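In the working numbering, the protein residues as written are 1105 to 1539.
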């Protein structure tokens, strides 16, 4: 509603004296429903092909065909939705594009093989699809909801696989931990998806953007799946990420304060009553020595750092690969980026984390900021024992959602300048009027 200038209405309202009206601020573009389809295809591309044996054996070539086909379809569909190439430039997308430089330089050598160039093309398509979707990054919760729905659908396939073949879903090869029996998914992958949607859904409940009954239908099954995976990194990322996110809301949200107080109380009671059970779950039957070297990861890390490298490999890495060294998984994002994209790629990935964190800290308290803090902190914690920050992966999708939450609203425009004050005319003295 416009203000009444005769009664001190707000500046920028219609001027009833002159009939002039300020220009209307541009409205943000409505998000098409097809954007959710594009996001689901990007998630399908990042599910990967490494994992457990499925009930129906799936050839690796078929899995790669499905995942790469999903990426090509996502890019084509995003381009069809954004034919005018309207994008929202930001630090995250700029740095992600810059990450292609060391990737291409390192992968262009003959020693890297055609597989490295193929992975560079995949990263380029992945980044291009995010650029096209950035048109609808307006600081809203649209992509958070897409993220929750799509990953909950992935967890639904895990539940279906466990129902079809419980033995294949919890094989002895993984120590009885839950895996994907219909689509090859490892316990860390399932734990990551469950932890992320639990944290985001809990924050939506605290922000009163969803009802508790609907949230319980997502959180409770996801908690069960997270427990069955015995994934320590995902559990710690969920707890620490939620603590930081809720802490950012404590000063401005009464529900967040109550939830934080109850969470601290319940954690204290659980640590006292169920300490032995929690310790057994956390150790997963491993010895103290095996636990201290992170299930053999430390040996791979030491060997990777001790390997001789040329100056070019120090700066740009050995080219994009399968995140392994000597036939063993690296399981550390920073070392994987250093190995494949060198110090240049490591600096770019660090800049992505630093920039997103700085923007989140500078934003005023809000639900969007809390969700972004949760996603950023989760990725930082998981980067210690999981690889993926330097290539197309769920972690880059998590950070892309955080970037969409931290973007300024598309329709935001500065307030129009107030109308100039009316000149003050002195009143005539009574009796001076002529008749």
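Cβ atoms here follow ideal geometry from the backbone N, Cα and C, with glycine treated the same way.
All figures in this text were calculated on a predicted structure; none of them were measured in a lab.
8 Å Cβ cutoff met for residue i and residue j
i	j	result
residue 1330	residue 1299	yes
residue 1482	residue 1351	no
residue 1294	residue 1339	no
residue 1301	residue 1252	yes
residue 1478	residue 1365	no
residue 1509	residue 1243	yes
residue 1354	residue 1361	yes
residue 1511	residue 1241	yes
residue 1472	residue 1145	no
residue 1185	residue 1136	yes
residue 1328	residue 1289	no
residue 1151	residue 1138	no
residue 1403	residue 1272	no
residue 1314	residue 1469	no
residue 1265	residue 1274	no
residue 1102	residue 1277	Residue 1102 is absent from the model: the chain starts at 1105 and stops at 1539.
Assumed close pair residue i, residue j - CB separation to whole angstroms, cut-off 8 Å
i	j	result
residue 1460	residue 1507	6 Å
residue 1296	residue 1498	6 Å
residue 1434	residue 1196	With 8 Å as the limit, residue 1434 and residue 1196 do not qualify as a contact, their Cβ atoms being about 24 Å apart.
residue 1234	residue 1504	5 Å
residue 1174	residue 1148	4 Å
residue 1316	residue 1239	Contact doesn't hold; Cβ gap of about 33 Å is too wide.
residue 1428	residue 1487	Between residue 1487 and residue 1428 the Cβ distance is about 17 Å, and since that is not below 8 Å, they are no contact.
residue 1213	residue 1224	12 Å between Cβ atoms; not a contact.
residue 1400	residue 1485	Actually they are not in contact, since the Cβ atoms of residue 1400 and residue 1485 sit about 20 Å apart, beyond 8 Å.
residue 1489	residue 1337	5 Å
Status (buried if at least 16 other CB within 10 Å, exposed otherwise) for residue i
i	result
residue 1194	buried
residue 1379	exposed
residue 1368	exposed
residue 1475	buried
residue 1418	exposed
residue 1370	exposed
residue 1236	buried
residue 1303	buried
residue 1445	buried
residue 1207	buried
residue 1160	exposed
residue 1125	Confidence in residue 1125 is poor, its pLDDT being 47 and thus under 50, which makes the residue's placement unreliable; the coordinate value appears in the next sentence. Counting Cβ neighbours within 10 Å, residue 1125 comes out exposed, since fewer than 16 surround it.
residue 1453	buried
residue 1292	buried
residue 1440	buried
residue 1358	exposed
residue 1335	buried
residue 1268	exposed
residue 1415	exposed
residue 1463	buried
residue 1384	exposed
residue 1220	buried
Check: residue i C-beta below 7 Å from any heavy atom of the ligand NAD
i	result
residue 1313	No copy of the ligand NAD occurs in the structure displayed, which carries no ligand at all.
Task: Validate contact between the segment 1177 to 1184 and the segment 1415 to 1424 using beta carbons, cut 8 Å, 3 pairs - done: no
Open item on the list: For the structure I just gave you, are there three or more beta carbon pairs, one from the segment 1282 to 1290 and one from the segment 1308 to 1324, closer than 8 Å?
Closed with: no
Task: Whole runs of the beta strand (DSSP E) within the segment 1176 to 1219, excluding any shorter than 3 residues - done: none
Open item on the list: Runs of 4 residues minimum, wholly inside the segment 1326 to 1392: which ones carry the alpha helix (DSSP H) assignment?
Closed with: 1336 to 1351, 1358 to 1377, 1379 to 1387
Open item on the list: Quick check: the segment 1222 to 1237 against the segment 1484 to 1498, are at least 3 beta-carbon pairs closer than 8 Å?
Closed with: yes
Open item on the list: For a minimum of 4 consecutive residues, which ranges assigned as the alpha helix (DSSP H) are wholly contained in the segment 1232 to 1319?
Closed with: 1246 to 1268, 1270 to 1273, 1291 to 1310
TODO: Flag this pair as touching only if the segment 1365 to 1379 and the segment 1402 to 1410 have three or more C-beta atom pairs under 8 Å; answer yes or no.
DONE: no
TODO: Pick out the complete alpha helix (DSSP H) segments inside the segment 1391 to 1447, 4 residues or longer, and give them in chain order.
DONE: 1392 to 1396, 1401 to 1410, 1415 to 1420
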